[in-house]
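Read in order, the letters of the sequence shown correspond to residues 3 to 204 in this note's numbering. Glycine included, every Cβ here is placed at the ideal spot set by N, Cα and C.
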Amino acid sequence: MTASNFTQLVSVGLVSFLTGFYIHQLLFAESGKDSAKKSRATLQRVTSSGEVSTEDSFDEDESDDEGVDINSLSLNEIPGEVRMTLIVRQDLKMGKGKAAAQCSHATLALYKKITNPESDAYNPEMVNRWEYRNGQAKITLQVPNQEEMDSLFVHAMSLGINAYIVHDAGRTQIAAGSATVLGLGPAPKLVMDEITSKLKLY
Numbered sequence: 003m004t005a006s007n008f009t010q011l012v013s014v015g016l017v018s019f020l021t022g023f024y025i026h027q028l029l030f031a032e033s034g035k036d037s038a039k040k041s042r043a044t045l046q047r048v049t050s051s052g053e054v055s056t057e058d059s060f061d062e063d064e065s066d067d068e069g070v071d072i073n074s075l076s077l078n079e080i081p082g083e084v085r086m087t088l089i090v091r092q093d094l095k096m097g098k099g100k101a102a103a104q105c106s107h108a109t110l111a112l113y114k115k116i117t118n119p120e121s122d123a124y125n126p127e128m129v130n131r132w133e134y135r136n137g138q139a140k141i142t143l144q145v146p147n148q149e150e151m152d153s154l155f156v157h158a159m160s161l162g163i164n165a166y167i168v169h170d171a172g173r174t175q176i177a178a179g180s181a182t183v184l185g186l187g188p189a190p191k192l193v194m195d196e197i198t199s200k201l202k203l204y
């Protein structure tokens, strides 16, 4: 088995495990009244798992997809490194664990967009460049507030970069519906820098 085949097998296994875990949490972890509603929601939108907070309580976050799936095929012609960018809002003052969970939600949502053959965002060539040529490169940056996050979101879509904003369910640290993290890509660094070059590392 080659290193490439092993990496692909591990990636598929990890995605399958996480998908199964999320579906189990959504469909079976809650008893009674909301289970049917959760089942329908699972089929209609991307949802995200929980994290363990400092109080050891289970925080189940939901995320609503803002925007549309972007056809990024034109970006395949741009050479160089491909990366995913995760931009965290600073004014919410999330704890590091909370921010990490929100970044995970954004990463998975973007990956689902770009690997779904039914989606306009489907771009297997870009996924291949990101996964196998660039080691799934990600960078985490910060933005001061939602207004600037929304501006970056619009700018990214205008350049053909897929974007996703995570909205928190509000069960632990922050208000329900808060836009926490903006995920961008995967896309060539040359294009991504047009949007994020002035942002500071998180």
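Here Ala177 is exposed: its Cβ has fewer than 16 other Cβ atoms, across all protein chains shown, within 10 Å.
With contact defined as three or more Cβ pairs closer than 8 Å, the stretch 142-158 and the stretch 188-204 are in contact. Per DSSP, Thr142 is one residue of the beta strand (DSSP E) stretching across 140-145. Burial is judged here by how many other beta carbons sit within 10 angstroms of a residue's own beta carbon; Asn118 has fewer than 16 and is exposed. Within its own chain, the residues whose Cβ lies closer than 6 Å to the Cβ of Lys115, once the five positions on either side in sequence are excluded, are Asp71, Ser121, Ala123, Asn164, listed in chain order. Secondary structure at Arg131: helix, using DSSP grouped into helix, strand and coil. If you ignore the 5 residues before and after Lys202, its C-beta comes within less than 7 Å of the C-beta of Leu143, Gln144, all in its own chain and listed in chain order. Distance check between Met86 and each of Met96, Asp93, Arg131, Glu149 places Arg131 closest, using alpha-carbon atoms only. Excluding residues up to 5 positions away in sequence, Met128, Arg131, Trp132, Arg135, Asn136, Ala139, Gly187, Pro188, Ala189, Pro190, Lys191 lie with their Cβ nearer than 8 Å to the Cβ of Val84 in the same chain. For the set Leu75, Val193, Val168, the Cα lying nearest the Cα of Ala103 is the one of Val168. Using a 10 angstroms sphere on the CB of Ser153, the tally of other CB atoms stays under 16, which defines it as exposed. Glu149 and Leu161 have their C-alpha atoms spaced approximately 19 Å apart.
Under DSSP, Gly185 shares a beta bridge with Leu88, Tyr166. Rounded to whole angstroms, the gap between the alpha carbons of Val193 and Gly172 is 33 Å. Taking Val183 as the centre and dropping the five residues before and after it, the same chain places the C-beta of Leu88, Ile89, Val90, Arg91, Ala101, Gln104, Cys105, His107, Ala108, Ile167, Val168 closer than 8 Å to its C-beta, in chain order. Minimum Cα-Cα distance from Asn73 among the listed residues Gly99, Gly179, Leu112 corresponds to Leu112. Nearest neighbour of Gln175 by Cα position, chosen from Leu75, Ile80, Ser76, Lys98, turns out to be Lys98. DSSP places Pro190 in the strand class (E or B) of the three-state scheme. DSSP, reduced to helix, strand and coil, places Leu94 outside both helices and strands of the structure shown, so it counts as coil. Judged by DSSP in its simplified three-state form, Leu203 adopts strand.
The alpha-carbon of Ser180 is positioned some 29 Å away from that of Asn125.
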